[in-house]
Amino acid sequence: MALANKKIKKIAINTGGGDAPGLNAVIKAVTVAALNRGWEVIGIRDGYNGLFLPENYPNGDGLINLTYEIVEDITPRGGTILGTTNRGNPTRYPMRDTKGNTVEIDRTDEVLAGFRREKIDALVAIGGDGSLMMANGFVKKGLIVVGVPKTIDNDLDGTVITFGFDTAVSFATEAIDRLHTTAMSHRRIMIVELMGRYAGHIALEAGISSSADVVIIPEIPYDISIIAEYLKNHFAKGRKHAIVVIAEGAKPKGGDAAIIEHEAGKAERLGGAAERIAEALKPLVENEIRTVILGHLLRGGSPTSFDRLLSLRFGAAAIRALDEGMNSIMVALDPPTMRYVPLDEISGKIRMVDLDSDIMITGRDLGICFGD
Ligand code: F6P
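Throughout, our numbering is defined as the position within the sequence shown, counted from one, plus 318.
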């Protein structure tokens, strides 16, 4: 584990990528635990933008001095008081060239110059795989970094769970519970698309918890004829409705995930999985089909108590790590405690659903169709 022998006086904190419920709780714990050690805490607005694009902040508020008062009551608040972005990745910053084409430019040296200018000794980077990989790049250029694993998708390696996931699964479960009664009244097949990028954790856990009949995840490419057959038998047995939960990253056998767009400097935008499977199912089943996309509703609102506590624990552990002289690590949940995982070990890795896990086996034992 890398150790930094620098005495910390001033740290920065930022939130990168998509927001997730619990971000503010991490900000609070980091701020309070750092202030209690006599350190200064600077919040960087909108990923790294507040630090390296001062022209976007004419009032000089790209950086915020975080105080006890500012963070006092933010634990239950969704979103992030610092703002975030999944556009301004400084390693691949989108800019126009002389011909008007969008090109991706590496602007990390400007970010590092910003840290030096502000005399910031260390960074607590709260982010998903992309943000943590980027932060690890800054370590290689001399910055002290501790990462905090954030994403509703729960697809980060090295930690048992990321914060934001529990809130997303709880909300999805409640929403699907509501769909049962309307689907039953109309004898319909209701197809619900859930976020999760290339991993199926949200769809799997929300699907099982909300008694879905079919759960389609990216880890198991689906065969439409198997799903149609399952649904026909399901209705033949007298069932009045069916719930199909599909992860946005799901793909048919031999096909790819449904993609809406891929802009320069941004990650691919997934979407359309529910519509695609509905169109494929229509000619094969008799019942009416309706689709529902829960989308960003999974990311909004107040974190569950599980996510609040996890976020506060992550934030406090990040400051303990810096206090102990650690560098280039991510705090991770390893029940009942926290552990520190080298960023190099988790960088660029995505944790998919383990098809032999107890959760998957439970789904199979319950008779859920996984499209295979
Ligand atoms: O990674 C979190 C996430 O919500 C994914 O589940 C989803 O694919 C993506 O972000 C959506 O991002 P955006 O906010 O850019 O639409």
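C-beta atoms are modelled at their ideal positions from N, C-alpha and C, and glycine is treated no differently.
Check: With a threshold of 8 Å between beta-carbons, can residue 449 be considered close to chain C, or not?; Outcome: Any reference to chain C falls outside this structure, which holds one protein chain only.
Check: Can you say whether residue 681 is buried or exposed, counting buried as having 16 or more other CB atoms within 10 angstroms of its CB?; Outcome: buried
Check: Taking contact to mean 3 or more Cβ pairs, one atom from each stretch, closer than 8 Å, check whether the segment 360-378 and the segment 645-660 are in contact.; Outcome: no
Check: Which residue or residues does DSSP assign as beta-bridge partners of residue 394?; Outcome: According to DSSP, residue 394 bridges with nothing at all.
Check: Do three or more CB pairs link the segment 343-350 to the segment 384-400 at distances below 8 Å?; Outcome: yes
Check: Beta carbon of residue 532, beta carbon of residue 685: below 8 Å?; Outcome: no
Check: Please report how far the alpha carbon of residue 446 lies from the alpha carbon of residue 335, in whole angstroms.; Outcome: 7 Å
Check: Among 397, 672, 457, which one has its Cα closest to the Cα of residue 478?; Outcome: 672
Check: Is residue 552 closer than 8 Å to residue 505 when the C-beta atoms are compared?; Outcome: no
Check: Going by beta carbon distance, what residues of the same chain come within less than 7 Å of residue 663, once the five residues before and after it are set aside?; Outcome: 476
Check: Using only CA atoms, which one of 518, 325, 556 lies nearest to residue 540?; Outcome: 518
Check: Mark residue 371 as exposed unless 16 or more other C-beta atoms lie within 10 angstroms of its C-beta, in which case mark it buried.; Outcome: buried
Check: Under the criterion of a Cβ to heavy atom distance below 7 Å, does residue 469 qualify as lining ligand 1?; Outcome: yes
Check: What does DSSP give as the partner residues of residue 333 in its beta bridges?; Outcome: 444
Check: Quick check on this structure: which residue in 448, 468, 386 has the alpha carbon closest to the alpha carbon of residue 338?; Outcome: 468
Check: What is the rounded straight-line gap between the Cα of residue 480 and the Cα of residue 503?; Outcome: 37 Å
Check: Between the C-alpha atoms of residue 383 and residue 636, what's the straight-line distance to the nearest angstrom?; Outcome: 19 Å
Check: Would you mind stating whether residue 561 and residue 521 have Cβ atoms separated by less than 8 Å?; Outcome: no
Check: Can you round the beta-carbon distance between residue 509 and residue 592 to whole angstroms, since I take them to be within the 8 Å contact cut?; Outcome: 5 Å
Check: Which same chain residues, not among the five before or five after residue 640, have their C-beta less than 6 Å away from its C-beta?; Outcome: 326, 440, 464
Check: Quick check: does the Cβ of residue 513 come within less than 7 Å of any heavy atom belonging to ligand 1?; Outcome: yes
Check: Please find out if some non-hydrogen atom of ligand 1 comes closer than 7 Å to the beta-carbon of residue 363.; Outcome: no
Check: Using the rule of at least 16 other Cβ atoms within 10 Å of the residue's Cβ for burial, across every protein chain shown, is residue 606 buried or exposed?; Outcome: exposed
Check: Identify, in the order they occur along the chain, each residue of the same chain with its Cβ nearer than 8 Å to the Cβ of residue 460, setting aside the five sequence neighbours on each side.; Outcome: 430
Check: Tell me whether residue 588 counts as near ligand 1, meaning its Cβ is closer than 7 Å to at least one heavy atom of that ligand.; Outcome: yes
Check: Are the beta-carbon atoms of residue 474 and residue 669 separated by less than 8 Å?; Outcome: yes
Check: Is there at least one non-hydrogen atom of ligand 1 closer than 7 Å to the beta-carbon of residue 404?; Outcome: yes
Check: Is the beta carbon of residue 669 within less than 7 Å of some heavy atom of ligand 1?; Outcome: no
Check: Pull up the CB-CB distance for residue 341 and residue 397, whole angstroms please, since I reckon it's below 8 Å.; Outcome: 7 Å
Check: Alpha carbon to alpha carbon, how far is residue 488 from residue 616? Give it in angstroms, no decimals.; Outcome: 9 Å
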